[in-house]
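Q: Following this message is one structure expressed as structure tokens.
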Amino acid sequence: MIGQTFGKVIRDFLDAYEPLKEYLEIYETSEDGRRVYNDCLEVTNKYFPQYLIELKGMATGADVPFHKLFLIHLDDILISNIRHASADTSTGCSTLMVNIPCKGQFIGHNEDALSATINHFYIVSAHIKPKGEEGGGVFPVREEKWEAMTYAGSLPGYASGYNFHGLVFTINTIFAKKLNNKKI
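Numbered per the numbering used here, the sequence shown spans residues 643 to 826.
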């Protein structure tokens, strides 16, 4: 449903997202790039097969190649493993939380991602009722209900949102200096 509903936004983002061009070049022309991609795909399928099912459905619905969506999920993993250089840590979000006794808790968050993400996000409201084929991995599947701000082409959960138990989350990216292959 996400791919069908937001297909144009996803396609527009893939056209505007400059890092994808470099990811595609590495993936298409480098044996090491293809190896890192395949290693990540294998590990993701082992631990989180339901995410790959969702991402494949999004790609089909948006009429874009699956490998492009998976590449944007790799973020700095591909470049760090091929070029042996850590990512630029000058971009990213910030979160501030304040607990005021007798008044409540307040959270502030900025989405400080790359400029290509401007106007390329949406809110996803989901009620997940998993089917048998969505099982597997290391965590049992369960019914979930949540809402999340979602970057176009990404799986929900990489920005901010909340679930219906009242848990609020925000994401602040921290880039690793060294990334090991086949690890989560």
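All residues carry an ideal CB built from backbone N, CA and C; glycine is no exception.
Work out the CA separation of G808 and D754 for me, nearest whole Å.
A: Those two C-alpha atoms are separated by around 25 Å.
Q: What does the alpha-carbon distance come out to for the pair R653 and P661?
A: Answer to the nearest angstrom: the Cα atoms are 15 Å apart.
Q: Report all residues from its chain with a CB closer than 8 Å to the CB of L713; omit the five preceding and five following residues, and keep chain order.
A: Contacts found: L662, Y665, L666, Y669, Y679 and L720.
Q: For G774 versus V783, is the C-beta distance shorter than 7 Å?
A: Not closer than 7 Å, so no.
Q: What are the start and end residues of the alpha helix (DSSP H) that includes H709?
A: Counting along the chain, the alpha helix (DSSP H) containing H709 begins and ends at F708 to L716.
Q: Straight-line CA distance for T792 to L656?
A: C-alpha separation (whole angstroms): 14 Å.
Q: What is the DSSP secondary structure of V685, counted as helix, strand or coil?
A: Correct three-state label for V685: helix.
Q: For S796 and H709, which I take to be in contact (beta-carbon distance under 8 Å), what is that distance rounded to the nearest angstrom?
A: In fact, because the Cβ distance is near 15 Å, the residues do not count as touching under 8 Å.
Q: Can you tell me which residues form a DSSP beta bridge with T737?
A: T737 pairs with H751.
Q: In this structure, how does DSSP classify E785 when only helix, strand and coil are distinguished?
A: Three-state DSSP puts E785 in coil, outside helix and strand.
Q: Quick check on this structure: which residue in S722, I724, H751 and Q747 has the alpha carbon closest to the alpha carbon of F736?
A: The sequence shown places Ser at residue 736, rather than the Phe named in the question. Nearest option by C-alpha distance: H751.
Q: How big is the Cα-Cα spacing for P707 and I749?
A: Roughly 37 Å between the two C-alpha positions.
Q: With which residues is H769 paired in a DSSP beta bridge?
A: BP columns for H769 point to K787.
Q: Please work out which residues of its chain come closer than 6 Å, Cβ to Cβ, to S802, disregarding the five sequence neighbours upstream and downstream, and give them in chain order.
A: Around S802: H751, M791 and T812.
Q: Do G799 and P691 have their beta-carbon atoms positioned less than 7 Å apart in this structure?
A: Not a contact, by the Cβ cut-off of 7 Å.
Q: Do G649 and A701 count as a contact pair if the criterion is CB distance below 7 Å?
A: In this structure, G649 does not lie closer than 7 Å to A701 by Cβ.
Q: Taking C-alpha atoms, which residue in I826, S767, L711 and A818 lies nearest to F806?
A: With distances taken between Cα atoms, F806 lies closest to S767.
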